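**Q**
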Amino acid sequence: MAGPFKVGDCVRIPDGRTGRVREVEGRWYKVRVRRKTSQTHQFLTFAAEDLERVDCPKGWMSPEGYVRYLDATLATMRQRGAAKGRLPKSERG
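If you count by this note's numbering, then the sequence shown holds residues 7 to 99, one letter each, in order.
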């Protein structure tokens, strides 16, 4: 399990929580983790050296399944945003 992290990989962040790599930008990784204080999630950004690759916990989707789910979900969100006249962050002024 060596090499750079990919979208969908399960990782352990420095405070011990397990999350998923959601986005890769250069040497920075956006990770989705459950908040410490509630059942909701948050996105945190880390450098590769701060993350540790781990096996996904029992009950979680496989990394491949997560990527398929994410592609479909984000495509639907883009369609809804376009229908409402919203622009993605990358296209805003």
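Built from N, CA and C at the ideal position, the CB exists for glycine as well. Bear in mind the structure is a predicted one, so any value in this text is a computation, not a measurement.
Candidates Arg-26, His-47 and Gly-22: which alpha carbon is nearest Val-37's?
**A** For the residues Arg-26, His-47 and Gly-22, the minimum Cα distance to Val-37 belongs to Arg-26.
**Q** Taking 6 Å as the limit between beta carbons, can you name the residues of its chain near Arg-18, skipping five residues before and five after?
**A** Excluding sequence neighbours, Arg-18 sits near Thr-24, Glu-58 and Val-60.
**Q** Starting from Thr-82, follow the alpha helix (DSSP H) in both directions and report where the run begins and ends.
**A** Taken as a continuous stretch (DSSP letters only), the alpha helix (DSSP H) holding Thr-82 covers 69-89.
**Q** Is it buried or exposed for Gly-87, if we count other Cβ within 10 angstroms and need 16 for buried?
**A** With fewer than 16 other Cβ atoms within 10 Å, it is exposed.
**Q** Go ahead and label Arg-41 buried or exposed: buried means 16 or more other beta carbons lie within 10 angstroms of its beta carbon, across all protein chains shown.
**A** Burial call: exposed.
**Q** Just to confirm, are Asp-21 and Pro-69 a CB contact at a threshold of 8 Å?
**A** No, the pair does not count as a contact, with Cβ atoms beyond the cut-off.
**Q** Where Gly-71 and Asp-77 are concerned, what is the direct C-alpha to C-alpha distance, given to the nearest angstrom?
**A** Answer to the nearest angstrom: the Cα atoms are 10 Å apart.
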